[in-house]
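Notes to accompany the following structure.
Numbering (the UniProt record's numbering), first residue to last: 1 to 542.
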């Protein structure tokens with residue numbers, strides 16, 4: 001008996017020494033380490049699963065003096081040894097002491113009691129149902145261990161790998177198209193570089209997640225094809241499902257699962273969509289009928305938008321089951337974070353609120369901010385969008401409107417004065433020049449008559465008489481075009497009236513008739529000889 005046990009031990013050691021067995025052992029060890037990091041949720045479970053090759057057949061309950069898990073482990077061991085044989089396996093139900101017992105090849109698999117019976121069945125009916133399931137599962141397990149099935153499973157696995165590679169290629173091509181679109185947008189509008197970089201980072205992160213999901217799905221599908229690896233696949237799936245469904249995120253007195261948090265995020269995203277739709281309807285359909293200006297409509301719509309978000313967030317958290325009083329600590333931590341690392345965001349947020357309520361600028365105003373000039377298109381709590389005269393959108397942080405000088409052409413009134421500097425030649429009749437400039441503004445639709453245009457004599461320049469034409473216009477955002485049109489008119493009317501527009505020039509005056517040049521005697525002698533030779537050559541040709 002001892003020799004037999006020794007031979008069995010040596011045989012097992014030889015199997016472990018095999019390279020393929022080493023790989024399986026190492027992989028099993030890694031999988032065991034991963035599984036050991038997860039909570040053992042089945043210890044207090046009153047039932048345990050009878051499974052074969054990773055497929056659950058049914059569950060047995062605990063008996064008096066016998067836990068469910070030892071019963072299941074004993075039965076699973078008998079089933080695993082039975083399917084390794086190529087011979088037909090006999091599964092039958094016999095009665096022992098008035099209790100049905102399921103036997104496999106003459107070995108008692110398990111005893112069925114009243115606690116195992118479900119759905120109103122008797123223990124005999126339950127035993128017969130389990131016997132049928134075991135018989136089918138054993139035949140399927142033996143079938144999947146044959147070479148024909150293994151070859152077919154290998155082909156299916158190879159096809160799965162090719163499909164995964166194809167999916168990865170498609171995902172990569174889609175990501176490259178989106179990246180090229182972002183790069184072209186960044187080159188066209190350089191001011192949008194920061195937002196597009198954030199989107200680029202999000203797309204990269206999403207691409208990595210999708211590729212990991214594709215390969216993980218392919219791995220699980222392939223391992224599920226083979227009975228030797230199906231158990232690992234099932235355990236990995238169980239770990240993932242448990243990690244998503246287990247309450248592992250503590251908030252207040254309760255803990256929540258990852259799935260619950262994802263549902264909350266999805267509901268919050270839906271809240272943002274609904275509030276955005278309400279904002280657009282309120283601004284375009286309701287406030288547009290009141291006759292208010294565009295800036296007031298945008299301010300009311302923005303306040304309503306953030307108010308609905310605040311109320312909706314509170315309602316969602318209450319419906320989700322979160323006690324808001326438990327968020328006091330989180331609010332304190334958030335306050336410290338704002339004080340330390342989120343100063344810039346908090347600064348822009350407060351600046352946005354000041355702009356929305358004080359309204360130094362409004363949507364539709366024509367403003368100058370630094371080197372940018374354009375129309376305010378959108379005001380949010382973090383930034384303001386300005387569309388320049390070149391139809392380029394500029395995203396400006398809100399703090400710049402409060403810390404720096406801002407020219408708001410639309411703030412104080414409906415008309416704006418333009419200054420057009422003009423220079424005429426010395427000797428020109430200034431009264432005629434004044435009349436010509438005033439006539440150039442007549443019948444021009446964008447120049448208002450009240451206040452009337454005016455001409456101011458600025459002084460004597462280096463080469464011209466400096467004047468300035470002052471006109472009032474109704475559309476400040478059109479000032480570049482208006483200036484161009486008026487200059488065209490001024491040039492034409494000054495030419496018609498023979499009024500000269502000078503160009504920059506300098507006069508050089510010589511006081512005596514001779515240049516005070518002194519030459520050396522050697523240079524004078526050389527020049528005299530050169531002139532004499534030139535004269536002699538001319539006489540010979542004659």
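Glycine residues also receive a C-beta, built at the ideal position from the N, C-alpha and C atoms.
Excluding five sequence neighbours on each side, which residues of the same chain lie with their C-beta closer than 6 Å to the C-beta of residue 28? Residue placement at residue 28 is poorly supported in this model, since its pLDDT is 41, which falls under 50; the coordinates still yield a value, given next. If we look at residue 28 and ignore the five residues flanking it on each side, it has no Cβ neighbours.
Can you give the Cα-Cα distance for residue 531 and residue 497, rounded to whole angstroms? One Cα belongs to residue 531, the other to residue 497, and the distance between them is close to 54 Å.
Quick one: is the Cβ of residue 149 within less than 6 Å of any heavy atom of the ligand FMN? In the structure on display, the ligand FMN does not appear, and there are no ligands present to speak of.
Going by C-alpha to C-alpha distance, which of 64, 174, 144, 122 sits closest to residue 55? 144
Who are residue 423's beta bridge partners in DSSP? 466
Contact set for residue 438: own chain, Cβ-Cβ below 7 Å, skip 5 residues either direction: 453, 455
Going by DSSP, what residue range makes up the beta strand (DSSP E) through residue 368? 366 to 369
Tell me the start and end of each unbroken alpha helix (DSSP H) in the segment 102 to 149 that is at least 4 residues and wholly inside, in chain order. 123 to 143
Specify whether the segment 160 to 169 and the segment 216 to 226 touch according to this definition: at least 3 beta carbon pairs, one from each stretch, less than 8 Å apart. yes
Where DSSP assigns a beta bridge to residue 375, which residues make up the other side? 366, 387
Rounded to whole angstroms, what's the CA-CA distance from residue 119 to residue 72? Just pull it up for me. 21 Å
Sheet register partners of residue 49 (DSSP bridge): 59
Span separating the alpha-carbon of residue 396 from that of residue 505: 44 Å
With DSSP as the reference, identify every bridge partner of residue 417, one or two as the case may be. 472
Starting from the C-beta of residue 393, find all residues in its chain whose C-beta is less than 6 Å away, skip the five residues before and the five after it, and write them out in chain order. 385, 387
Look at residue 141 and residue 52 and say whether their C-beta atoms are less than 7 Å apart. yes
Check residue 503 in the structure and name its three-state DSSP category. coil
For residue 104 and residue 91, the rounded distance between their alpha carbons: 5 Å
Can you tell me whether residue 543 is buried or exposed? The criterion is at least 16 other CB atoms within 10 Å of its CB, across all chains shown. Outside the displayed range of the chain (1 to 542) lies residue 543, so it cannot be described from this structure.
Enumerate, from N- to C-terminal direction, the unbroken beta strand (DSSP E) stretches of 3 or more residues contained entirely within the segment 62 to 100. 91 to 96
Which residue spans inside the segment 243 to 319 form an unbroken alpha helix (DSSP H) run of at least 4? 258 to 281
Do the segment 251 to 261 and the segment 79 to 88 touch if we need at least three Cβ pairs shorter than 8 Å? no
If you pair each beta-carbon of the segment 459 to 468 with each one of the segment 424 to 431, do three or more pairs fall below 8 Å? yes
Residue range of the alpha helix (DSSP H) that includes residue 321: Unbroken run through residue 321: none, as it is neither H nor E.
Neighbourhood of residue 267 by C-beta, 7 Å cutoff - its chain only, sequence neighbours within 5 removed: 316
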